[in-house]
Amino acid sequence: MNELVIFHYHLLAGGVTDVIVQGVMALARFSHLFKRITLVCGRKENAENVFNKIQAYFSEHGSSIKLAMEIVPELDYLNHIDGPDALKKMISELKNKLISDFSSESTIWWIHNYQLGKNPVFSEAVLRIVDSKIFQRIILQIHDFPEAGRPHNMIKLKKIVTHPLYPAASTVRYIVINMRDRDILLKAGLPKELIYLVENPITSFAEQPSTPRQVRRSLAGYAEQFGYIVNEDTVLTIYPIRAIRRKNVLEAGLLTKLLSPKALLMVTLPGVSQSERAYSDFVKRCYREKLIPGFFGIGLDLAQLGISFPALLSASSLMCCSSVQEGFGYPYLQSLLLGIPLVARKLDVMDGFINMFDHYPSVFYTALHVPLESRERTQLRLEYLSYIETLHNALPSALLKTLTDEVEILFHNNLIDFSFLSFDLQQKILKRALSAEYREQVRLANRPLFADTERLLDCTPKAKKEHVLSRFGLTAYAESVEQIIESFSDDIPLTTVSEDLIDDAVLKLFGSLQYLRLLFAPKLDKKY
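Anchor point for the sequence shown: position 87 equals 114 in the numbering used here, and the numbering is continuous, going up by one each time.
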């Protein structure tokens, strides 16, 4: 039997950790390929909680798999290197440690987001192992691409990583979590035999003792301290995410504000990473200034309120998802799982499952247009051009020219998509939306969106629980993983490909302004 070693930078609460936990649970119940699973991460924080949760699940379901955990600090996010000599030593030592401690012919490595740029030393060590003569079966799972709106991660990678990011080796398999990412890698030239689409696992929520009416009653006292009223008529809009840039939270605030004077937006959790804390604090400040009606970080207060997360979701009138980038899109599917109407930006990562919303109360939009003054459009255009100029070390000149052309097209009109605004301008629009006259201007500019969304408020959809779980449940997930494991025994004749050309192609395929909004520009953090 095989042994599985799962690597990630950390096991903090979040999307990747959820996938790891539920994936291991799926293998424990519905696969017999592994006798031992080892979790390896670079940070102690929350690791023991994750281990205990999985171990309890193993015990509950009588799994014979042995579970282990190791903390390897060299895998944690990397923020500082003392110099070239130290860098060379770090890469060599980490490569040797990974081989000596975890490599064997019976072992399969499963590495999450290996190429994201959070720790380029780890990336380089892994890629050197792939390029070596060592026989080590490796699954490289991509949740996010550094090429997609993370240019400064690309700069960090280029300074350290000397091997191609996307190697085409017979000992390697790739997992992507949506059809867009699969198509990107295929178009870039990676052999199709190495790429597997494995959508994230979803588990059903436990039955909740609290009714929506009870939840609203509990929220009523909580709301009073913020100056709000919660009753049966309140339009409770839920956005179940961490407040990070790509979630574009202020747009959900504007939508809520324009939808109904009785609408409140509940954002469940603040951002916690160093790179997202400034944005999260900025969003929180907008809530405090009553620019967004509702509750920020309510997920942190649910225990004291006696409300479970699923109960909060079930009591909501509407699920709102204004994200401009998603790897998978859990909130969309949670709306189906619990029967909550959905209004969301239509993203390309949804292509694989958007048909599940046929005949379901949902609205998908591609832009939320707002009017800007001429001087504001001019200033915003200059900010974009300046931001693009800072990326000359990360992007080729031809791609920079393409982005510049996109900027000129974007600011040709009086109406601008809210998601392309800077932090400053998003905040200004929220302030202007305090005026009934300005709110009406924006509603008129987006008439179909608001007409369709208002109709959702009268809907009580039937949940599609069985539909969702049959496709995304633990059984389907385990079957997909087993298919990958079994493929390692196949003799795959790989055509010769230039791995450097694959890297270049991936970068170009993400070369669009939608992945380089000012929301993602870290230099703006200094203002807030």
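All C-beta atoms in this analysis are idealised placements derived from N, C-alpha and C, irrespective of residue type, glycine included.
Which same chain residues, not among the five before or five after residue 289, have their C-beta less than 6 Å away from its C-beta?
Contacts found: 260, 261 and 262.
Mark residue 402 as exposed unless 16 or more other C-beta atoms lie within 10 angstroms of its C-beta, in which case mark it buried.
Its Cβ having fewer than 16 others within 10 Å, residue 402 is exposed.
Under the assumption that residue 362 contacts residue 346 (Cβ atoms under 8 Å), give the Cβ distance between them as a whole number of angstroms.
Yes, residue 362 and residue 346 are in contact; Cβ-Cβ is about 4 Å, under 8 Å.
Are the beta-carbon atoms belonging to residue 170 and residue 42 less than 8 Å from one another?
Their beta carbons are under 8 Å apart, which means residue 170 touches residue 42 by this criterion.
Going by C-alpha to C-alpha distance, which of 71, 152, 240 and 60 sits closest to residue 334?
Checked all of 71, 152, 240 and 60; the closest Cα to residue 334 is 240.
Kindly provide the ranges of any beta strand (DSSP E) runs that are 3 or more residues long and lie completely inside the stretch 45–92, ordered along the chain.
61–68, all fully within the stretch 45–92.
On the CB-based measure, 16 or more other CB atoms within 10 Å of its CB, does residue 91 come out buried or exposed?
That one is exposed.
Tell me whether the beta-carbon of residue 374 lies closer than 8 Å to the beta-carbon of residue 540.
Not a contact, by the Cβ cut-off of 8 Å.
Hey, residue 565 and residue 368: beta-carbon distance below 8 Å or not?
Not covered by the structure: residue 565. The range shown for the chain is 28 to 555.
Could you compute how far the alpha carbon of residue 452 sits from the alpha carbon of residue 88?
Between residue 452 and residue 88, the C-alpha separation is close to 52 Å.
Which stretch, first to last residue, makes up the beta strand (DSSP E) that contains residue 389?
389–392 is the span of the beta strand (DSSP E), which, as asked, contains residue 389.
Less than 8 Å between the CB atoms is what I'm expecting for residue 447 and residue 372, so what's the real figure, rounded?
Contact doesn't hold; Cβ gap of about 12 Å is too wide.
Only counting the same chain, and skipping five residues up and downstream in sequence, which positions put a Cβ closer than 6 Å to that of residue 246?
Once the five neighbours on either side are set aside, the close Cβ partners of residue 246 are 257.
Let me know the secondary structure DSSP gives residue 375 once reduced to three states.
Residue 375: helix per DSSP, three-state reduction.
Only counting runs of 3 or more residues, tell me where the beta strand (DSSP E) segments fall wholly within the stretch 154–235, in order along the chain.
Counting only runs of 3 or more, we get 164–169, 199–203 and 222–224.
Can you tell me whether residue 618 is buried or exposed? The criterion is at least 16 other CB atoms within 10 Å of its CB, across all chains shown.
This structure leaves residue 618 out entirely; the chain is present only between 28 and 555.
With 16 as the cutoff for other CB atoms within 10 Å, does residue 475 come out buried or exposed?
So residue 475 counts as exposed.
Any chance the stretch 302–322 sits against the stretch 206–225, with 3 or more Cβ pairs inside 8 Å?
They do not touch, by the three-pair rule.
Verify whether the separation of the beta carbon atoms of residue 82 and residue 230 is less than 8 Å.
For residue 82 and residue 230, no; Cβs fall outside 8 Å.
Can you have a look at residue 235 and say buried or exposed, based on whether 16 or more other CB atoms are within 10 angstroms of its CB?
It counts as buried.
For residue 533, which residues from the same chain have a beta carbon less than 8 Å from its beta carbon, with the 5 sequence-adjacent residues on both sides left out?
172, 174, 192, 193, 211, 212 and 215.
Let me check understanding here. Comparing Cα to Cα, which of 381, 342 and 353 lies closest to residue 366?
Residue 366 has its Cα closest to that of 342, out of 381, 342 and 353.
Would you mind listing the beta strand (DSSP E) stretches within the stretch 251–322 that are 3+ residues and don't spill past its ends, in chain order?
List check, beta strand (DSSP E) in window: 262–270 and 290–297.
Can the beta-carbon of residue 204 be found less than 8 Å from the beta-carbon of residue 355?
Going by C-beta atoms, residue 204 is nearer than 8 Å to residue 355.
Starting from the Cα of residue 350, find the closest Cα among 546, 134 and 44 and give me that residue.
Checking every option, the nearest Cα to that of residue 350 belongs to 546.
Beta carbon of residue 313, beta carbon of residue 457: below 8 Å?
Going by C-beta atoms, residue 313 is nearer than 8 Å to residue 457.
Taking the alpha-carbon positions, what's the residue 242 to residue 294 distance?
Those two C-alpha atoms are separated by around 16 Å.
Determine whether the beta carbon atoms of residue 157 and residue 166 lie at a separation below 8 Å.
It is not a contact, given that the beta carbons lie outside the stated cut-off.
Find the nearest neighbour of residue 184 within the set 168, 105, 58 and 54, judged by alpha-carbon distance.
Nearest C-alpha to residue 184: 105.
Please report the straight-line C-alpha distance between residue 493 and residue 399, rounded to a whole angstrom.
So the two alpha carbons sit approximately 46 Å from each other.
DSSP on residue 134, reduced to helix/strand/coil?
Three-state DSSP puts residue 134 in a strand.
Express the C-alpha separation of residue 136 and residue 439 in angstroms, rounding to a whole number.
The alpha-carbon atoms of residue 439 and residue 136 are separated by roughly 50 Å.
Is it true that the CB of residue 337 sits closer than 8 Å to the CB of residue 291?
Contact: no.
Where do the N-terminal and C-terminal ends of the alpha helix (DSSP H) with residue 386 fall, by residue?
Element bounds for residue 386: n/a, residue is neither H nor E.
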